[in-house]
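Read through the structure below, which is laid out as structure tokens, and then see the notes.
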Amino acid sequence: MGKKVFVIDLSICNGCYTCQFACKDEHCGNDWSPIAKSQPEIGQFWMKLTEEVCGTVPKVKVAYRPHMCMHCDNAACMSACPVDDAIYKREDGLVIINSDKCTGCRNCLDACPYDAIYFNEDSNLAQKCTGCAHLLDNGWTEPRCVDACPTLALKFMDEADAKDLIADSQVWKPELKDKVKPRVYYQNLPGKFIAGTLYDPEEEEVIIGAVATLTNNDGTALTLETDSYGDFWFEKLEQGIFDLTLKSNGKVKSFTGLDTTEKDLNLGDIPLV
Ligand code: SF4
Ligand code: SF4
Numbered sequence: 000m001g002k003k004v005f006v007i008d009l010s011i012c013n014g015c016y017t018c019q020f021a022c023k024d025e026h027c028g029n030d031w032s033p034i035a036k037s038q039p040e041i042g043q044f045w046m047k048l049t050e051e052v053c054g055t056v057p058k059v060k061v062a063y064r065p066h067m068c069m070h071c072d073n074a075a076c077m078s079a080c081p082v083d084d085a086i087y088k089r090e091d092g093l094v095i096i097n098s099d100k101c102t103g104c105r106n107c108l109d110a111c112p113y114d115a116i117y118f119n120e121d122s123n124l125a126q127k128c129t130g131c132a133h134l135l136d137n138g139w140t141e142p143r144c145v146d147a148c149p150t151l152a153l154k155f156m157d158e159a160d161a162k163d164l165i166a167d168s169q170v171w172k173p174e175l176k177d178k179v180k181p182r183v184y185y186q187n188l189p190g191k192f193i194a195g196t197l198y199d200p201e202e203e204e205v206i207i208g209a210v211a212t213l214t215n216n217d218g219t220a221l222t223l224e225t226d227s228y229g230d231f232w233f234e235k236l237e238q239g240i241f242d243l244t245l246k247s248n249g250k251v252k253s254f255t256g257l258d259t260t261e262k263d264l265n266l267g268d269i270p271l272v
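So that you can map any letter, position 13 of the sequence shown is 12 in numbering that gives the first Met the number 0, and since no number is skipped, the others follow by simple counting.
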């Protein structure tokens with residue numbers, strides 16, 4: 000059996016929640032032990048879609064991200080578990096909590112850096128995404144969430160076949176990549192944006208074709224022109240500090256220290272005087 004990876008293309012996830020529903024349908028009320036006992040109806044999302052609203056009205060974008068256990072190759076949950084083989088890694092790379100061996104000590108919940116493990120109070124078990132290993136062992140080639148995704152945003156592939164996709168991907172929390180070695184890869188993770196609308200207060204009109212130049216810490220500059228609504232959007236930016244200059248007909252407006260570390264920036268309506 001080849002080792003598998005998940006590859007998730009966020010540019011084609013439309014936020015339909017089908018993956019989250021499919022996971023619930025597969026695992027709620029169904030006992031697939033020792034792969035997993037039933038998932039509680041509420042409170043647990045072994046596949047979870049998050050919506051992040053970026054910017055402020057009217058410069059707003061919604062970013063969707065399906066996430067689950069990253070099936071790490073150097074899994075912190077496995078190291079933290081005191082019971083032999085209660086958490087184990089399969090040949091296909093999936094990390095499983097054996098529902099017959101878990102004692103409910105919760106060590107793995109504290110250890111997982113992705114908060115991927117839930118605690119089932121009724122059955123006294125740590126539980127999480129299993130990659131639908133019970134299906135893979137019975138002829139399925141992919142988990143329910145992947146099978147259900149209508150846009151093919153989710154893929155479950157042989158690692159060897161996914162090399163090009165992986166090269167074009169990032170992991171969630173890249174600072175953990177070498178430490179825990181996650182096996183879920185994201186394509187087209189949204190960067191930060193800086194946006195605004197430029198207008199002439201004397202003419203009371205937006206300014207079309209003004210030159211906007213954004214410069215980052217190391218002096219790299221991006222340039223674009225305001226569109227027919229006077230808008231400029233610098234997208235897919237790294238987190239960092241930027242300076243912005245807006246120029247039109249000899250008039251200049253400058254901003255310094257624009258900080259995208261925490262959030263996207265909508266600079267609003269900007270008068271060029
Ligand atoms: Fe996105 Fe596919 Fe999940 Fe729908 S099913 S939310 S398109 S990943
Ligand atoms: Fe374990 Fe968390 Fe990694 Fe999943 S994401 S394998 S639960 S450490």
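Every residue, glycine too, gets a C-beta built ideally from N, C-alpha and C.
Every value quoted in this text rests on a predicted model; they were computed, and no experiment measured them.
CA-to-CA distance, residue j to residue i, given in whole angstroms
{"i": "T212", "j": "D160", "result": "41 angstroms"}
{"i": "A209", "j": "A220", "result": "16 angstroms"}
{"i": "A125", "j": "D199", "result": "60 angstroms"}
{"i": "E174", "j": "W45", "result": "23 angstroms"}
{"i": "A166", "j": "E40", "result": "37 angstroms"}
{"i": "E201", "j": "G249", "result": "15 angstroms"}
{"i": "A35", "j": "M69", "result": "17 angstroms"}
{"i": "C76", "j": "D84", "result": "12 angstroms"}
{"i": "I116", "j": "T260", "result": "28 angstroms"}
{"i": "N119", "j": "L243", "result": "50 angstroms"}
{"i": "K58", "j": "V6", "result": "29 angstroms"}
{"i": "L271", "j": "V205", "result": "10 angstroms"}
{"i": "I207", "j": "S37", "result": "58 angstroms"}
{"i": "Q19", "j": "G1", "result": "26 angstroms"}
For residue i, the residue or residues it bridges with in DSSP
{"i": "E204", "result": "D199"}
{"i": "Y228", "result": "In the DSSP output, where bridge partners are listed per residue, Y228 has none listed."}
{"i": "V6", "result": "K154 and Y184"}
{"i": "E50", "result": "Y63"}
{"i": "V251", "result": "K246"}
{"i": "V94", "result": "K88"}
{"i": "C12", "result": "None, per the DSSP bridge assignment."}
Buried versus exposed call for residue i [16 or more other C-beta atoms within 10 Å across all chains shown]
{"i": "L151", "result": "exposed"}
{"i": "Y228", "result": "exposed"}
{"i": "P181", "result": "buried"}
{"i": "S253", "result": "exposed"}
{"i": "Q169", "result": "exposed"}
{"i": "V183", "result": "buried"}
{"i": "G130", "result": "buried"}
{"i": "T196", "result": "buried"}
Extent of the continuous beta strand (DSSP E) run through residue i
{"i": "R64", "result": "K58 to H66"}
{"i": "L245", "result": "I240 to S247"}
{"i": "A125", "result": "L124 to Q126"}
{"i": "T212", "result": "V210 to N215"}
Residue interval of the alpha helix (DSSP H) (run including residue i)
{"i": "V145", "result": "R143 to A147"}
{"i": "N119", "result": "Not the alpha helix (DSSP H): N119 falls in the beta strand (DSSP E), residues Y117 to N119."}
{"i": "D268", "result": "It is not in any alpha helix (DSSP H) - D268 instead sits in the beta strand (DSSP E) that spans L264 to P270."}
{"i": "E25", "result": "T17 to H26"}
{"i": "V179", "result": "K176 to V179"}
Problem set entry | Shell residues, 6 angstroms Cβ cut-off relative to heavy atoms of ligand 2 | C68, M69, H70, C71, A74, A75, C76, V94, C111, Y113, A115, I116, K127 and V179
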